[in-house]
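Numbering (the numbering used here), first residue to last: 87 to 483.
By construction, the Cβ of each residue, glycine as well, lies at the ideal position given by its N, Cα and C atoms.
Below is one structure, written out as structure tokens; the observations come after it.
Structure below.
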């Protein structure tokens, strides 16, 4: 079994919470358990399915499980599956418990540190009147109490600090020391596919704490970058984190990704990274419409996610669906069954300018966002044209 990266190798910055020896060991234990579940237990689940479960289902129903839902019914009583699932769920609970103990102990210190970094900066723009959508405020995403928008005290940054510090342990360091593998994978894709692309304005919709915003700043230093999110705590922490890392020219703005104040036709790149699966299914089309509105002719919108379910066998779909059932990801399953190119076409993008692609994580870390599944990034997006819809066209690959 290959070992995960220890927590002390996380990228160091002044907004990072300080851990005692025991707190650090707890995070390392989470990483070890996740690796054990991925490398030792997950293969046993497949073996159980192929050697026992399929045959038993066929004897009862006269056919193998037809889809991930039938696979889930067939696997529910299996001891190997239940063991893998139990360890995964427990590691998520342990990661949140360990993180919250650290952050709540330092809540006021972290708040004051963020306030000091953010003081006087016009690059952090919060809007107290903005309603936080229920699909954000009412979900304890990843089992994190209160989710991304929770505020325990004035100027709070507890949950984003928990997210920043704990993510490294959850993925065993596979997203890199700065937890930014998706952003770097996007940069790699742009450089490989469009080496002459020189964006002047970039918009990151659903930026969170800016993990996947800052790689775009490093790659395109000439561009204006606007990072949008609805959650004030994430923006406070993300802006302070960026300044702690020496980045003081990214604008962090509190707005809804479905309706921003950015001028129409003013952007060259509008993107999301691992955001759509945490977004209400009813909101997805609105995000695509907003991206279409923002882009100038020749501009690009691109969205990075884990691969959609289509193209995978029912068992693989079932395993990838775990987060939708047991990790407080209520929109996960619907997102991975959605044909995003169709949403882009409905939003007004010309069909022949819409593409789907697999993004190589080479050089950007091999992020295993789904624990035991083969790491890969799925990129879907479109180029804006001057005349909007075209009469004919095929989705590229």
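Limits of the unbroken alpha helix (DSSP H) element including residue i
i	result
residue 154	154-161
residue 403	400-406
residue 284	Neither: residue 284 is in no alpha helix (DSSP H) and is coded neither H nor E.
residue 143	140-147
residue 193	193-204
residue 325	318-330
residue 256	244-256
residue 225	Looking at the DSSP string, residue 225 is not in any alpha helix (DSSP H), and its letter there is neither H nor E.
residue 278	267-279
residue 99	No alpha helix (DSSP H) contains residue 99, which DSSP labels as neither H nor E.
residue 118	107-122
Run of the beta strand (DSSP E) containing residue i, from where it starts to where it stops
i	result
residue 439	From DSSP, residue 439 is part of no beta strand (DSSP E); its letter is neither H nor E.
residue 373	That residue, residue 373, is in no beta strand (DSSP E); its alpha helix (DSSP H) goes 370-380.
residue 287	287-291
Residue environment, residue i, which counts as buried when at least 16 other CB atoms sit within 10 Å
i	result
residue 208	exposed
residue 101	buried
residue 88	exposed
residue 228	buried
residue 145	exposed
residue 174	buried
residue 200	buried
residue 95	exposed
residue 149	exposed
residue 136	exposed
residue 466	buried
residue 280	exposed
residue 90	buried
residue 350	exposed
When the options are compared against residue i, the one with the closest alpha-carbon
i	options	result
residue 298	367, 348, 336	336
residue 357	400, 372, 390, 338	390
residue 416	313, 263, 222	222
residue 196	168, 319, 272, 437	319
residue 403	360, 156, 92	156
residue 184	152, 147, 313, 256	256
residue 443	116, 278, 141, 165	278
residue 158	439, 406, 429, 437	406
residue 352	340, 322, 386, 342	386
residue 283	273, 364, 346, 290	273
residue 315	293, 419, 372	293
residue 251	324, 305, 171, 381	324
residue 117	163, 92, 271, 310	92
residue 179	445, 413, 395	413
residue 375	345, 359, 396, 364	345
residue 132	418, 420, 170	170
Residue i versus residue j - alpha carbon distance
i	j	result
residue 388	residue 276	10 angstroms
residue 434	residue 138	49 angstroms
residue 215	residue 431	33 angstroms
residue 366	residue 260	27 angstroms
residue 160	residue 409	18 angstroms
residue 205	residue 98	21 angstroms
residue 348	residue 379	9 angstroms
residue 123	residue 265	21 angstroms
residue 194	residue 231	18 angstroms
residue 286	residue 383	13 angstroms
residue 401	residue 154	6 angstroms
residue 113	residue 130	25 angstroms
residue 219	residue 377	19 angstroms
residue 126	residue 203	44 angstroms
residue 333	residue 128	40 angstroms
residue 165	residue 141	16 angstroms
residue 167	residue 106	35 angstroms
residue 190	residue 244	7 angstroms
residue 182	residue 471	45 angstroms
residue 241	residue 291	22 angstroms
residue 217	residue 235	11 angstroms
residue 425	residue 326	36 angstroms
residue 172	residue 224	25 angstroms
residue 151	residue 368	30 angstroms
residue 301	residue 269	6 angstroms
residue 361	residue 313	13 angstroms
residue 188	residue 253	14 angstroms
residue 246	residue 237	10 angstroms
Beta-bridge pairing of residue i - partner residues as DSSP gives them
i	result
residue 82	The structure shown has nothing for residue 82, since the chain only spans 87 to 483.
residue 465	390, 443
residue 359	390
residue 345	342
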